[in-house]
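Undergrad: Using this note's numbering, you'd call the opening residue of the sequence shown number 325 and step up by one each time.
Glycine included, every Cβ here is placed at the ideal spot set by N, Cα and C.
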Amino acid sequence: MVKVTINADGYNNGMVTRKCPHCGEEKSIDDFGYRNMGNDNIRNQSWCKECR
């Protein structure tokens, strides 16, 4: 069974958001990719797609 973990910082107009530690902008969780952590664990990337 795959376990998906999403780290979020808040909500904005009903949208899950996260703050990118590189650019400092709060963006939609859709602006972050996902990474395979092994052992069937998947989580969102810490940096946004623009900064990677």
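Counting C-beta neighbours from all protein chains within 10 Å, is the total for cysteine 344 16 or more, i.e. buried, or is it exposed?
TA: Within the sequence shown, residue 344 is the residue found at index 20, counting from 1. Buried, since its Cβ has 16 or more Cβ neighbours within 10 Å.
Undergrad: Going straight from the alpha carbon of valine 340 to that of glutamate 374, what length do you get?
TA: Counted from its first residue, the sequence shown places residue 340 at position 16. Counted from its first residue, the sequence shown places residue 374 at position 50. C-alpha separation (whole angstroms): 18 Å.
Undergrad: Is DSSP giving isoleucine 366 helix, strand or coil here?
TA: Stepping through the sequence shown from its first residue, residue 366 is reached at position 42. Here isoleucine 366 sits in strand by DSSP.
Undergrad: Starting from arginine 342, follow the beta strand (DSSP E) in both directions and report where the run begins and ends.
TA: Here residue 342 refers to the residue found at position 18 when the sequence shown is read from its first residue. Where arginine 342 is concerned, the enclosing beta strand (DSSP E) stretches over 339-343.
Undergrad: Mind checking arginine 376: buried by the 16 CB within 10 Å criterion, or exposed?
TA: Numbered from its first residue, the sequence shown carries residue 376 at position 52. Flag for arginine 376 reads exposed.
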